[in-house]
Each structure stands twice: as C-alpha cells, then as structure tokens.
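Following: one structure in structure tokens, then a few remarks.
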Amino acid sequence: MSSPTVIEKFSGTIANCYDSHVHWQATGTFRRHLQLHDLFGAPMQIEQQLQNIWKTHQASNQNSSAHDREWITGFGWDQHRFQTAGTDGDALFTHESLDRVFGARPVFFIRIDGHAAWVNRAALEQAGLWQKRPVGPTGGEIQLKPDGYPNGILLDHAMQIVERLLPARTPAQIRDDLLFGQKIFHAAGFTHIRDLSGDEAQWHVTTELEKNGELALAVEQFFGVEDPNLFDRQLDLAVRLNREWDSADCGGRRGDRHALVRPRGIKIFLDGALGSEGALLSCEYCTRAGHRGLQLLDKPTLRDFIVRTWRNELPVAVHAIGDAAADILAETAGEIESGGLKGELHIEHAELLQRETIARLAKLHHVECFLQPCHYLSDRKWLREKLGPFAGRAFRYRELEDAGIPIWFGSDSPIEEPSVLSTLQAIDLAQRDDDIPPPRHHGTHYQSHPDVAWVPNTHTLFHNGRIESTTFSGRHL
Ligand SMILES: [Zn+2]
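Using our numbering, the letters of the sequence shown map in sequence onto residues 4 to 480.
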C-alpha cells in the first residue's frame, strides 16, 4: 500500500482562508467558454475534438439562439499537448483548423495562461489583421505563416486587438459571473480573495451584492490595466474609491473597515507568461532561438505608472514572471525611491528570480511577492526544456523570505483551480523532484489573510485532505 500523500495527510483549520491572486469575474465567466483543456494531438485529431466540443455545447445551449455572426469563445488550450509541426518542420498549428470547424463565425480561444489567443480568419478579418505582415503593437506579437499572413496566434497586447471586438458583459452577466466565481471559491474553502482585475462595472455589481447580503467573500480589489491606454481611467477610479473609503462622511458603510470589499491599487503587466513564451528572460528560450519574451511596458512608461500610483499613496501590483522583467522592475522601483518617492510594490508571480534581483528588491521600502506554487504542477513538464539551467531559478520562496520579503500564495484562478491542497502538493513535489527549497512555514501560513480582524469567526476546516466545513462570519457556507 502506498503511503498517504501530503494532501491526504493534511488536517487543520485555516482562519480567513485566502487566495492572494485571482481573477474573480473570469473565474465565473470561465464556464461560458468552450473548454479546450483536453485538446491534444495532430490537427486532424484536434479538429475532430473541436467538432465534438462544439456539438455538445450547441446541444446544451439550444435556447441561446446564437446567430451566425456571434463570437465563439474558448479557454484552456495548451500547444504543449499539440503536434505543432509536420515531419518537414512546417507549422501545423494555425487558424486553418478553426476555419474548417467554425467557418465564418469569428473565434477567440484563450490559452490556458491567458496570455495568447488562437483565432480564425474571420476574427483576423474583423480586427483588420488579415493582411501581409500586419504591424503588431508594442508588447504584443502577431505570429506569421511563411506567406506573411497571420497564422492565428496572437500574444499579449496583440490579443487585445481582437478581444476589444467581443461584446461587453452586461451588469446581469457580471452579477452571474461574480456569484458563480464566489461559489467556486467557497467550494475550495476560500473566504478571502485578492482580485487583480476589477473595473468600474464590476465594482458597482460587487457593492450591490454586498448591500443585498449576497456577498460572502472578503475582497481586496485591485484595478487591472490590461491595456496601457486604460491606466488613467483605472487610476482615477482607484483614487476616488479609496477616498470614499477613507472619508468619514460617506455614510459609514465604505469607511467601515469590516466592510467586505476594500478598494486597493493598480495592477499593471510588465511581461507575458512562460507557457506562451512571452515571459521576459535574461536568456533566450531554449525552444525558440533569438527570442527572450515580451516587454509589455517600456521603462519610462513603467516608471510613470509606478510614480503616479505611489503619488496617490496606493499600492502598485506588477505582473512580472520572467527574471528579466523582475530585474527591470527592481531597478525602476529603486531609481524612483532614490529620488525620494516611496510606495508599496507588489510583484505578481515572480516565478523566476536571479539572486541579484532578490538582493535589489530587499532594499526597497515595501515589497511583497504573490506567488502561485500550483503553477509548478503545470509548468514542471517543460520548465527545463524551455529554460535549460535557468529553470533552477524558479519558485525561490525561501530565498525571498531569507531576504526579508513577505510572500503570499494563491492560484491565479481561473488559470489554475483555486486550491490550498494544490499549493501543498506543489511545494512538496518541487522539493522532492527539483530540490526547490520549501518556504519557512507550512504552506497554509501563506494562505491565511494577515488581517485577522477582517470578518471574525471565519475559518475553514480540513480533515485528511478534504474540506470538512467553511464558516464565514459565524455562518456555515
Ligand atoms: Zn493573474
């Protein structure tokens, strides 16, 4: 009989069970997309699988009277499961498979990491990208076929050219998504979340949910800047909401530190993700000669965004996965601080870190890192293949702590399923298989919200790797 795994052995109580990096609304929207996680094999097989997924979807959504021009969205594909090149080295993974299955309906399929899209020709045409060698935006890439036309794969900022064309969610849909997302967090035992992608529409719906007593989650709300052109608008919103929050004469509700939704700062993106080879590295990807990833903001813009957020005394959360992104960030923040302005810097993911970068970060006034150990469970399959010896700089929990930098754990839901147990499993496996030193404390320590007074009587009870009960403000969920 095999001995119990670290998950099966886990029993205990977590107070204010906290997922420190989520996309709340997307966690709920997720179910509306075609689920593409299981696609695998050669193009013919993938087309057959897509046909089946599409048929099943149509059969279960008969009332949704989709007409021929409506967008089809999907989520979860991973090219590491595909046969991407033929025996002669020709790329097999293009818009053509989607054209054959979906015809003239525009298709927008998001990669499992959220940082690449696979689209068909109809979508490229609508976006004005169906031409020879279209010019991509800074911090984005439009991949091309040998004939110079796009192959249907768009990275980071290039995704947004198509994404912008999708219809905006209505308040009723946002409400559905947030409530469904809440259900998913509850099922995984979470009562506290830190959401990185809020906007004005979501904020309105969330405060409505709170007023109606439908909210049973404590939410730290950041405002996401996926498109740098939206920075001003999101900063104004964050500033205004924080002011209302702090002011005594706003009816007491928002200023009440026990209220369930707390407006926080701004979230910006400095690079892409490792799986789609957009994370910014200090070396080339072993799998793609001459390519080091994408820098989504140039240094002056990064500097400007941090300065303006800090001048408003708000925290700035920066997506930085690759070691070069983290280093540019550490350097920029250091330069700003040496000019006399200080603020709170949150690094999201920080998956690859050089020793020198950690030393630089340690000198900053206030820095915290928000890591997702569970990414190890997905990324371990190709970390060495993509990064070679650089893979040894992944998941540096212990080094960050030894440098005095606080760390927190989360899931990046819906990129990974929110789960304390996955965190524990990932830390254990990373130590056993890749000699990655575990963090100082038990993994659950980093998934308990530090403000113990925020929603008293809130805890999650685990027994032998199962959730026994989740209690929110004294009420069983
Ligand atoms: Zn994220």
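Ideal Cβ placement from N, Cα and C applies to all residues, glycine included.
- In the displayed model, G391 falls within a helix according to three-state DSSP.
- Distance between Q134 and G278, taken at the CA atoms: about 27 Å.
- In this structure, the C-beta of D415 approaches ligand 1 to less than 6 Å from one of its heavy atoms.
- Here T209 has V264 as same chain residues with Cβ atoms under 6 Å from its own Cβ, once five neighbours each way along the sequence are excluded.
- A direct Cα-to-Cα measurement between F188 and R136 gives close to 43 Å.
- Taking C-beta atoms as the reference points, Q237 and F225 fail to come closer than 7 Å.
- Within the stretch 147 to 192, the complete alpha helix (DSSP H) runs of at least 4 residues fall at 160 to 166 and 174 to 190.
- Cβ contact annotation for V228 (same chain, cutoff 7 Å, sequence separation greater than five): F234, Q237, I269, K270 and I271, in chain order.
- The Cβ atoms of I75 and V25 lie no closer than 7 Å to each other.
- Counting only runs of 4 or more residues that sit fully inside the stretch 204 to 241, no alpha helix (DSSP H) segment turns up.
- Take T426, set aside five residues on each side of it, and the residues of its chain with a beta-carbon closer than 7 Å to its own are P376, C377, F412, G446 and Q450, in chain order.
- Here DSSP, grouped into helix, strand and coil, assigns H36 to coil.
- Around the CB of G293, fewer than 16 other CB atoms lie within 10 Å, so the residue is classed as exposed.
- 7 Å or more divides the Cβ of A353 from the Cβ of D274.
- The Cβ atoms of C20 and G192 sit closer than 7 Å to each other.
- In the pairwise beta carbon analysis, the stretch 382 to 392 is classified as not touching the stretch 148 to 161: fewer than three pairs are separated by under 8 Å.
- By alpha-carbon distance to T194, the top candidate from A18, I410, G407 and H448 is A18.
- Nearest Cα to G15 within the set V423, V104 and L432: V423.
- About 15 Å separates the Cβ atoms of V455 and F475, ruling out a contact at the 8 Å cut-off.
- Going by DSSP, R396 is part of no alpha helix (DSSP H) at all; its letter is neither H nor E.
- Excluding the 5 residues flanking it on each side, P441 has same chain C-beta neighbours closer than 6 Å at I430 and Q434, in chain order.
- The C-alpha of R34 lies about 9 Å from the C-alpha of D180.
- Put simply, of T87, D405 and G117 the residue whose alpha carbon is nearest the alpha carbon of E419 is G117.
- Three or more Cβ pairs closer than 8 Å define a contact, and the stretch 81 to 90 meets that threshold against the stretch 38 to 54.
- Inter-residue distance for E402 and I361 is about 8 Å (C-alpha atoms, whole angstroms).
- With fewer than 16 other CB atoms across the displayed protein chains lying within 10 angstroms of its CB, M47 is exposed.
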